[in-house]
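Under our numbering, the first residue of the sequence shown is numbered 33, with each subsequent residue one higher. Virtual Cβ for every residue (Gly too), placed ideally from N, Cα, C. The structure presented is a predicted model; accordingly, all values stated were derived computationally and were not measured. Note sheet for the following structure.
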Amino acid sequence: MQNAIVKTNFNFPRQKDVYKGKVRDVYNIDDNYLVMVVSDRISAFDVVLPEGVPFKGQVLNQIAAKFLDATADIVPNWKVETPDPMVTVGHFCEPFKVEMVIRGYLTGHAWREYKSGKRELCGNPLPEGMVENQKFDQPLITPTTKADVGHDEDISREEILKQGLVSEDDYAMLEKYTRELFQRGSEMAAEKGLILVDTKYEFGKKDGKIYLIDEIHTPDSSRYFYADGYEERLKNGEKQRQLSKEFVRQWLIENGFEGKDGQKVPDMNEAYIKEVSERYIELFEKITGETFEKAKAEDVAGRIEKNVTEYLNGLLK
């Protein structure tokens with residue numbers, strides 16, 4: 033297998049600390065900039081799987097960079113530069129304690145909740161008689177709490193305001209930006225023969241201004257269907273052809289793992305890891321309309337360290 037980066041331990045110029053998330057390792061540079069290294073780790077059901085997926089980090093980082101640039105007219109975002117295929121350097125922002133999830137279709141987590149009998153999701157009433165993958169009349173905003181450890185939890189707008197997680201004025205702006213970003217993402221997906229089904233956005237603040245932060249419209253944060261055949265598959269009750277991380281979740285479910293206590297993560301053999309890598313590359317090419325160019329993979333950590341250090345030395349002069 034190609035070299036997959038699952039751990040990083042860099043020491044960049046003016047580095048203060050590092051936060052290691054499920055997939056991203058975020059290095060704090062002087063409380064002013066962040067260096068986000070998108071690793072090849074893969075997570076599902078809030079669990080990091082034991083094996084890395086080659087080129088996954090590059091796919092996620094480059095898709096996110098493309099969509100950050102394509103939406104900068106809607107909301108300012110944290111990105112300053114991408115000095116390496118797996119790295120974005122951007123503004124240090126104080127993140128809001130909620131993630132803004134928006135759903136255009138009844139699928140995934142929303143469908144699992146609906147199928148269990150729930151008719152309300154994060155304060156949004158759900159009509160009777162819907163079927164899996166059916167389009168909502170209007171996209172629903174279904175926020176979650178932002179958990180440092182464990183599972184993010186669904187939360188309503190009312191509860192967010194009641195708990196003081198976000199001010200009323202800021203929350204109104206987060207909803208506005210979320211709808212506009214989803215609209216733009218949906219239009220860009222449609223141009224490529226895809227449907228942006230659902231996604232999540234994270235926001236933060238710097239100097240009193242709201243920024244879009246982290247990733248946007250990647251297969252880890254979003255779900256896409258192929259538009260061709262969507263209606264026919266819906267009518268026949270068939271599974272939709274989709275581009276997202278859902279295929280990994282389905283594989284885990286089929287192998288007896290849903291992130292519940294006592295369950296063991298199934299072994300990912302080399303053939304399956306290669307398949308996941310190829311699916312991520314396929315998704316990159318479908319979403320962007322560009323050919324994926326694999327970055328040099330002999331000494332990935334060394335390449336990242338060199339590229340980022342050279343960039344920071346110039347930035348911090």
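- In the structure shown, what three-state DSSP assignment does Ala-36 receive? Within the sequence shown, numbered from 1, the residue matching residue 36 stands at position 4. Coil.
- Task: Please report how far the alpha carbon of Lys-88 lies from the alpha carbon of Ser-71, in whole angstroms.
- Result: In the sequence shown, residue 88 corresponds to position 56, counting from 1. In the sequence shown, residue 71 corresponds to position 39, counting from 1. Cα to Cα, the separation comes out at about 8 Å.
- Task: Please report how far the alpha carbon of Glu-330 lies from the alpha carbon of Glu-190, in whole angstroms.
- Result: What you label residue 330 is simply residue 298 of the sequence shown in a count that begins at 1. What you label residue 190 is simply residue 158 of the sequence shown in a count that begins at 1. Rounded to whole angstroms, Glu-330 to Glu-190 spans 51 Å at the Cα level.
- Query: Pairing CB atoms from the region 147 to 162 with CB atoms from the region 213 to 233, are three or more of them under 8 Å?
  - Reply: The region 147 to 162 vs the region 213 to 233: no contact.
- Quick one: what's Ser-355 bridged to in DSSP? Because the chain here runs from 33 to 349, residue 355 falls outside it and cannot be looked at.
- Task: Specify the secondary structure class of Lys-150 as computed by DSSP and reduced to three states.
- Result: Here residue 150 refers to the residue found at position 118 when the sequence shown is read from its first residue. Here Lys-150 sits in coil by DSSP.
- Query: In terms of residues, what are the limits of the alpha helix (DSSP H) holding Met-205?
  - Reply: Here residue 205 is taken as the residue at index 173 of the sequence shown, counted from 1. That run of the alpha helix (DSSP H) goes 200 to 223.
- Task: For His-141, name the three-state secondary structure that DSSP assigns.
- Result: Numbered from 1 along the sequence shown, position 109 holds the residue referred to as residue 141. Of the three classes helix, strand and coil, the one that applies to His-141 here is helix, per DSSP.
- Excluding the 5 residues preceding and the 5 following Met-33 in the sequence, name in chain order all residues of the same chain whose CB lies nearer than 8 Å to its CB. The count along the sequence shown starts at 1 and reaches residue 33 at position 1. In this prediction, Met-33 scores a pLDDT of 48, lower than 50, which makes its location untrustworthy; no coordinate-derived value is stated.
- Item | Gly-288, buried or exposed, once every other Cβ within 10 Å from all chains shown has been counted against 16 | Counted from its first residue, the sequence shown places residue 288 at position 256. With fewer than 16 other Cβ atoms within 10 Å, it is exposed.
- Query: Whose CA, out of Glu-212, Tyr-243 and Val-198, lies closest to the CA of Pro-108?
  - Reply: Taking the sequence shown and counting its residues from 1, one reaches residue 108 at position 76. Measuring C-alpha to C-alpha distances from Pro-108 to each of Glu-212, Tyr-243 and Val-198 identifies Tyr-243 as the nearest.
- Query: Exposed or buried, which one is Asn-93 when buried takes at least 16 other CB atoms within 10 Å?
  - Reply: Locating residue 93 in the sequence shown gives position 61, counting from the first residue. It counts as buried.
- Query: What does DSSP give as the partner residues of Asp-116 in its beta bridges?
  - Reply: Here the question's residue 116 lines up with position 84 in the sequence shown. Asp-116 is bridged to Val-119.
- Message: Please state the DSSP three-state secondary structure of Ile-350.
- Response: Because the chain is modelled from 33 through 349, residue 350 falls outside the range shown and cannot be assessed.
- Lys-292 burial status per 10 Å Cβ neighbour count (16 or more: buried): One-based indexing of the sequence shown puts residue 292 at position 260. Exposed, by the Cβ-count rule.
- Query: Which residues share a DSSP beta bridge with Asn-6?
  - Reply: Residue 6 falls outside the range modelled here, since the chain spans only 33 to 349, and no answer is possible.
- Query: Between the region 129 to 148 and the region 205 to 218, do three or more beta carbon pairs fall short of 8 Å?
  - Reply: yes
- Query: For the beta strand (DSSP E) that Asn-60 lies in, which residues bound it at each end?
  - Reply: Indexing the sequence shown from 1 puts residue 60 at position 28. Residues 56 to 61.
- Message: Counting beta carbon pairs with one atom in the region 40 to 48 and one in the region 247 to 257, are three or more of them shorter than 8 Å?
- Response: no
- Message: Under 8 Å, with one C-beta from each stretch per pair, do the region 193 to 201 and the region 98 to 105 reach the 3-pair mark?
- Response: no
- Message: Is the beta carbon of Glu-164 closer than 7 Å to that of Trp-143?
- Response: What you label residue 143 is simply residue 111 of the sequence shown in a count that begins at 1. What you label residue 164 is simply residue 132 of the sequence shown in a count that begins at 1. Yes, these two residues count as a Cβ contact at 7 Å.
- Item | Ile-245 in three-state terms, based on DSSP | The residue you call residue 245 lines up with position 213 of the sequence shown. Reduced to three states, the DSSP call for Ile-245 is strand.
- Task: Within 10 angstroms of the Cβ of Leu-275, are there 16 or more other Cβ atoms? Answer buried if so, exposed if not.
- Result: Within the sequence shown, residue 275 is the residue found at index 243, counting from 1. Buried.
- Item | The beta strand (DSSP E) enclosing Leu-275, as first and last residue numbers | Start at 1 with the first residue of the sequence shown, and residue 275 comes out as number 243. Here the beta strand (DSSP E) through Leu-275 covers 274 to 276.
- Gly-236, DSSP secondary structure in three states: As a working note, residue 236 is residue 204 in the sequence shown. When secondary structure is reduced to three states using DSSP, Gly-236 falls in the strand class.
- How about Gly-122 and Leu-66: are their beta carbons less than 7 Å apart? For the purposes of this step, residue 122 is taken as residue 90 along the sequence shown, with counting starting at 1. For the purposes of this step, residue 66 is taken as residue 34 along the sequence shown, with counting starting at 1. Cβ distance < 7 Å, so Gly-122 and Leu-66 count as in contact.
- Query: So what's Arg-46 in DSSP terms, helix, strand or just coil?
  - Reply: What you label residue 46 is simply residue 14 of the sequence shown in a count that begins at 1. Assigned with DSSP and collapsed to three states, Arg-46 falls in coil, not helix or strand.
- Message: Just to confirm my understanding: we take Gln-162, look at its own chain, exclude 5 residues before and 5 after, and list those with CB closer than 6 Å. What are they?
- Response: Walking along the sequence shown from the start, residue 162 turns up at place 130. It is worth fixing the name first, because residue 162 is Met in this sequence and not Gln. Counting only Cβ-Cβ distances below 6 Å, and skipping sequence neighbours, we find Leu-138.
- Query: Does the Cβ of Lys-267 have 16 or more other Cβ atoms within 10 Å, making it buried, or fewer, making it exposed?
  - Reply: Sequence index remark: in the sequence shown, residue 267 carries index 235 (1-based). The residue is exposed, with fewer than 16 neighbouring Cβ atoms inside 10 Å.
- Give me the Cα-Cα distance between Arg-281 and Ser-309, rounded to the nearest whole angstrom. Residue 281 sits at position 249 when you count from the first residue of the sequence shown. Residue 309 sits at position 277 when you count from the first residue of the sequence shown. About 15 Å.
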